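Note sheet for the following structure.
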Amino acid sequence: MPKQILNFYKNEPTDKIFWVDNPETKGEFLFTFDKKKIYNLFADYPHNLTPQEKAIFDKENPYWVEFFKDRKG
């Protein structure tokens, strides 16, 4: 199986979260803190993040916090 080519980028230079672009898929919202463990926003937020990761994510992404306000961590 060929290795996927993933592109990592930050919305702001000071962000700790990298968003992940996989050119082979469409419609996925992927992010990572360390470029190793990749989270799927819709499948993993907030329950699969550590409390520290959730705090960082929430600080950097207020739009998604509001979007998912009915989900419990």
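Residues 98 to 170 in this note's numbering are what the sequence shown lists, from first letter to last. Note that CB positions come from ideal geometry on N, CA and C, so glycine has one too. All values derive from a computational prediction rather than experimental measurement.
Pairing K151 with P143 gives a Cβ-Cβ distance under 8 Å.
From the listed residues N119, K169 and K133, the smallest Cα separation to I102 is found for N119. L138: member of the alpha helix (DSSP H) spanning L138 to D141, first to last residue. With 16 or more other Cβ atoms from the protein chains shown falling within 10 Å of its own Cβ, Y136 counts as buried.
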